[in-house]
Amino acid sequence: MSETALAARGVNKSFGSLVVAADVELILPPGVRYALIGPNGAGKTTLINLMTGMLAPDSGQIFLGPDDITALPPHERVRLGLVRTFQINTLFPHLTALESVTLAVCERRKVASTWWHKLTAYSDEIDEAYDVLSALTLAPVCHRLTRELAYGQQRLLEIALALAAKPKVLLLDEPAAGVPREESRELFAAIAGLSRDITVLFIEHDMDLVFRFASRVIVMVGGRVLVQGTPAEIAADPQVRAVYLGKARHGAVP
Amino acid sequence: MASEAIAAPVRPVQYLQAQLRWRWGEIAFWLATLLPFVLAPSYLVLASQIAITALFALSLDLILGFSGIVSLGHAAYFGVGAYTAGLLSAKLGWGEPLTGLLAAAIAAGIFGYLTSFIIARFRHLALIMITLGIGLVLQEAFNSAGFITGGFDGLQGVHTWPIFGRFRFDLYGYTAYTYSLAGLFVIFLIARRIIHSPFGLALRGIRENSTRMPAIGAPTRTHIRTIYTIAAIIAGVAGAILAETTETVSLEALGFQRSADVLVILILGGTGRLYGGLVGAVVYMVARDQFSGLNPQYWYFWIGLLLIAVVMLLPNGILGGLAHLAQRVRGKP
Numbered sequence: 009m010s011e012t013a014l015a016a017r018g019v020n021k022s023f024g025s026l027v028v029a030a031d032v033e034l035i036l037p038p039g040v041r042y043a044l045i046g047p048n049g050a051g052k053t054t055l056i057n058l059m060t061g062m063l064a065p066d067s068g069q070i071f072l073g074p075d076d077i078t079a080l081p082p083h084e085r086v087r088l089g090l091v092r093t094f095q096i097n098t099l100f101p102h103l104t105a106l107e108s109v110t111l112a113v114c115e116r117r118k119v120a121s122t123w124w125h126k127l128t129a130y131s132d133e134i135d136e137a138y139d140v141l142s143a144l145t146l147a148p149v150c151h152r153l154t155r156e157l158a159y160g161q162q163r164l165l166e167i168a169l170a171l172a173a174k175p176k177v178l179l180l181d182e183p184a185a186g187v188p189r190e191e192s193r194e195l196f197a198a199i200a201g202l203s204r205d206i207t208v209l210f211i212e213h214d215m216d217l218v219f220r221f222a223s224r225v226i227v228m229v230g231g232r233v234l235v236q237g238t239p240a241e242i243a244a245d246p247q248v249r250a251v252y253l254g255k256a257r258h259g260a261v262p
Numbered sequence: 387m388a389s390e391a392i393a394a395p396v397r398p399v400q401y402l403q404a405q406l407r408w409r410w411g412e413i414a415f416w417l418a419t420l421l422p423f424v425l426a427p428s429y430l431v432l433a434s435q436i437a438i439t440a441l442f443a444l445s446l447d448l449i450l451g452f453s454g455i456v457s458l459g460h461a462a463y464f465g466v467g468a469y470t471a472g473l474l475s476a477k478l479g480w481g482e483p484l485t486g487l488l489a490a491a492i493a494a495g496i497f498g499y500l501t502s503f504i505i506a507r508f509r510h511l512a513l514i515m516i517t518l519g520i521g522l523v524l525q526e527a528f529n530s531a532g533f534i535t536g537g538f539d540g541l542q543g544v545h546t547w548p549i550f551g552r553f554r555f556d557l558y559g560y561t562a563y564t565y566s567l568a569g570l571f572v573i574f575l576i577a578r579r580i581i582h583s584p585f586g587l588a589l590r591g592i593r594e595n596s597t598r599m600p601a602i603g604a605p606t607r608t609h610i611r612t613i614y615t616i617a618a619i620i621a622g623v624a625g626a627i628l629a630e631t632t633e634t635v636s637l638e639a640l641g642f643q644r645s646a647d648v649l650v651i652l653i654l655g656g657t658g659r660l661y662g663g664l665v666g667a668v669v670y671m672v673a674r675d676q677f678s679g680l681n682p683q684y685w686y687f688w689i690g691l692l693l694i695a696v697v698m699l700l701p702n703g704i705l706g707g708l709a710h711l712a713q714r715v716r717g718k719p
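The listed protein sequences derive, respectively, from chains D and A. The working numbering puts the first sequence at residues 9 to 262. The working numbering puts the second sequence at residues 387 to 719.
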């Protein structure tokens with residue numbers, strides 16, 4: 009168990025007759041970079057929702073390290089180091105980039121319930137937030153309102169908010185969704201540059217990016233884990249070619 | 387990393403500090419609150435009512451404007467405060483105003499804390515129904531408990547002692563306005579501090595995106611319970627000041643009309659700006675005073691017109707409109 013950063017064991021979930029997770033087994037060893045792929049509706053985002061507690065599984069367990077976290081609410085999982093980003097920007101439109109990240113730092117350091125001190129008394133937290141933004145090239149726009157940022161910058165802010173929570177395990181739901189090809193490469197370079205202390209699972213449709221940045225690929229279809237293996241194995245797998253690659257290659261789902 | 391922070395033109399913390407400074411407009415506003423003493427001494431009773439309403443609207447702004455919690459029953463907490471101070475005097479014969487405020491704050495705070503467990507579970511339309519329900523339940527409970535509250539006739543025999551045993555509440559409202567204004571100012575300072583604290587930032591986070599908050603590790607419901615309790619305490623204090631300065635308490639103190647009025651006042655002035663409720667209270671109460679003088683029967687007609695005009699012309703309230711104008715003058719898009 010100690011060799012596991014995050015694990016889903018026998019996780020099931022259905023909405024009525026629609027099965028979105030069927031007996032899902034998933035193990036992320038510490039420090040890996042895994043990709044989660046599969047056609048639209050395969051249950052990839054649902055799996056992230058189940059692991060982060062935004063959905064409750066019908067049965068099965070989620071482990072973070074050795075601990076069973078199945079019963080914990082989402083914010084407590086985040087405090088234990090299980091952090092996610094969202095496929096569709098889920099940001100704070102009328103907060104500045106710096107305020108948003110400072111908020112995340114304050115929540116992590118458990119000072120966000122303090123109402124009798126000024127925010128500016130917490131210069132360590134503010135500086136840390138600024139450093140996170142700098143590392144993602146957002147320092148020059150840190151005082152802009154989130155809604156005024158360019159779309160690509162908002163995608164980076166998604167990641168900055170997650171990093172401010174000091175994740176042990178980071179689940180990235182299509183971090184480059186909607187970002188032009190050239191920029192998405194830079195974005196993934198930033199992800200690849202993350203500390204090896206952070207275990208990363210990312211959902212991505214662009215196979216070039218998947219094969220370049222993932223050491224292992226998990227393929228989901230219809231709520232099940234179809235197969236997993238190294239990028240080379242996945243590329244050669246006839247099952248995968250049939251259900252996924254063959255279809256998606258030209259569609260190039262964004 | 388540190389070298390980058392120094393390379394920036396201004397350290398981020400200094401930039402934020404500059405934003406929290408007292409502005410000239412704020413200082414001017416508070417100086418202007420002293421003008422009624424000199425310019426309109428015959429309107430001090432009205433000025434006192436305005437200050438109380440402003441305080442009540444400020445408490446609504448903390449939950450609605452800063453945390454995105456809609457309420458159509460906020461008068462419940464105002465009423466609990468008013469009846470606590472009133473009953474203390476009418477039934478127990480204790481008319482000392484400051485301890486009356488304290489008792490009202492505690493009673494409204496307890497009621498706010500208990501109801502906050504329901505509030506924290508819901509949002510949007512569901513919240514409107516629930517807060518409306520809380521208001522109606524409380525109003526009928528106080529109505530039926532006529533042997534204590536005086537029921538529909540209101541509470542008789544409230545008598546407020548002089549403040550500090552010295553300053554008697556006079557007919558002209560000198561003491562009343564001084565007392566209400568001091569209460570408003572002190573609590574405004576506290577509210578301002580809350581908004582500028584890390585907790586205030588968390589509240590704005592809840593307003594801006596309640597889905598994201600848990601994903602950055604925020605205990606959203608705990609935050610909501612805290613601010614809802616604080617807002618209930620402030621509303622209770624406002625109610626107590628009304629009871630003490632007018633020496634009457636009626637069911638109107640916790641009625642639906644008061645909940646609706648304060649919502650209108652806050653939206654009129656502009657939500658999420660601290661001063662919105664204050665400016666809204668001045669405009670609304672003065673307009674009501676003038677319109678009802680113009681025509682005692684149909685003055686809500688004019689209030690209605692005023693509301694439609696403000697919302698159409700200034701969708702973010704009076705202060706939102708002023709801020710927009712100021713930006714234009716400075717040449718920002």
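Backbone N, C-alpha and C fix where the C-beta goes; we use that ideal spot for every residue, glycine too. Remember, it's a predicted structure, so these values are computed and weren't measured experimentally.
Neighbour-count burial assignment, residue i, 16 or more Cβ in a 10 Å radius
i                : result
asparagine 48/D  : exposed
arginine 407/A   : exposed
histidine 582/A  : buried
arginine 593/A   : buried
lysine 477/A     : exposed
serine 428/A     : exposed
lysine 118/D     : exposed
alanine 621/A    : buried
methionine 59/D  : buried
glutamine 683/A  : exposed
tyrosine 138/D   : buried
glutamate 136/D  : buried
threonine 93/D   : buried
glutamate 190/D  : exposed
methionine 228/D : buried
histidine 609/A  : buried
valine 177/D     : buried
Unbroken alpha helix (DSSP H) run spanning residue i, endpoints
i                : result
glutamine 400/A  : 398 to 406
glutamine 713/A  : 703 to 715
tyrosine 563/A   : 560 to 581
glutamine 542/A  : Glutamine 542/A -> no alpha helix (DSSP H), and no H or E assigned at all.
aspartate 139/D  : 131 to 143
arginine 163/D   : 159 to 172
valine 177/D     : Here valine 177/D belongs to no alpha helix (DSSP H); instead the beta strand (DSSP E) covers 177 to 181.
glutamate 194/D  : 189 to 200
glycine 553/A    : According to the sequence shown, residue 553/A is phenylalanine rather than glycine. Phenylalanine 553/A -> no alpha helix (DSSP H), and no H or E assigned at all.
asparagine 529/A : 510 to 530
cysteine 150/D   : Taken as a continuous stretch (DSSP letters only), cysteine 150/D belongs to no alpha helix (DSSP H), as it is neither H nor E.
valine 648/A     : 642 to 655
Beta-bridge pairing of residue i - partner residues as DSSP gives them
i                : result
glutamine 69/D   : Arg17/D
leucine 44/D     : Ile211/D and Ile226/D
glutamine 236/D  : Ile226/D
isoleucine 613/A : DSSP, once it has assigned bridges, lists no residue as partnering isoleucine 613/A.
threonine 535/A  : None, per the DSSP bridge assignment.
Residue i: first and last residue of the uninterrupted beta strand (DSSP E) it sits in
i              : result
glutamate 33/D : 26 to 36
valine 349/A   : Because chain A in this structure spans residues 387 to 719, residue 349/A falls outside the shown range and cannot be described.
leucine 90/D   : 90 to 92
Proximal chain D residues relative to residue i, where beta-carbon distance stays under 9 Å
i               : result
valine 669/A    : Ordered by position in chain D, no residue passes the 9 Å Cβ test against valine 669/A, which lies about 25 Å from the chain.
threonine 612/A : Ser121 and Trp123
arginine 579/A  : Trp123, Trp124, His125 and Lys126
Contact set between residue i and chain D, taken where Cβ atoms lie within less than 7 Å
i               : result
threonine 657/A : Near threonine 657/A there are no residues of chain D at all, since even the closest Cβ is about 12 Å away, more than 7 Å.
proline 584/A   : Cys114, Val119, Ala120, Thr122, Leu127 and Tyr130
Near the ligand GTP: residue i beta-carbon under 7 Å from a heavy atom
i            : result
alanine 50/D : Ligands are entirely absent from the displayed structure, and the ligand GTP is therefore not among its contents.
9 Å Cβ cut-off: residues of chain A touching residue i
i           : result
valine 86/D : Pro600, Ala601, Ile602, Gly603 and Ala604
Chain-ordered neighbours of residue i on chain D, where CB pairs are closer than 8 Å
i             : result
leucine 587/A : Leu103, Glu107, Thr110, Leu111, Cys114, Ala120 and Leu127
*Which of the residues in the segment 93 to 104 of chain D, read from start to end, lie with their CB under 7 Å from any CB of chain A?*
Within the segment 93 to 104 of chain D, the residues whose Cβ lies closer than 7 Å to some Cβ of chain A are Thr98, Leu99, Phe100, Pro101, His102 and Leu103, listed in chain order.
*Going along the chain, which residues of the segment 589 to 605 of chain A sit with their C-beta nearer than 7 Å to a C-beta in chain D?*
Those would be Arg590, Gly591, Glu594, Asn595, Thr597, Arg598, Pro600, Ala601, Ile602, Gly603, Ala604 and Pro605, in chain order.
*Could you name the residues of the segment 111 to 125 of chain D whose beta carbon sits closer than 7 Å to any beta carbon of chain A, in the order they occur along the chain?*
For the segment 111 to 125 of chain D, residues whose beta-carbon sits nearer than 7 Å to a beta-carbon of chain A comprise Leu111, Ala112, Cys114, Glu115, Arg116, Val119, Ala120, Ser121, Thr122, Trp123, Trp124 and His125.
_Under 7 Å (Cβ pairs) to chain D, residues found in the segment 539 to 561 of chain A_ = Of all residues in the segment 539 to 561 of chain A, none has a C-beta nearer than 7 Å to a C-beta of chain D.
*For the segment 142 to 163 of chain D, which residues have a CB atom closer than 9 Å to at least one CB atom of chain A, in sequence order?*
Per Cβ criterion, the list reads Ser142, Ala143, Ala147, Pro148, Cys150, His151 and Thr154.
*Mind listing which residues of the segment 395 to 415 of chain A have their C-beta closer than 7 Å to chain D's C-betas, in chain order?*
Cβ contacts with chain D: Pro398, Val399, Tyr401, Leu402, Gln403 and Leu406.
_If the cut-off is 9 Å on Cβ atoms, which residues from the segment 70 to 84 of chain D count as contacting chain A, listed in chain order?_
Hits within the stretch, in order: Pro81, Pro82, His83 and Glu84.
*Of all the residues that make up the segment 169 to 180 of chain D, which are near chain A by a beta-carbon distance shorter than 9 Å?*
Result list: Leu169, Ala170, Ala172 and Ala173.
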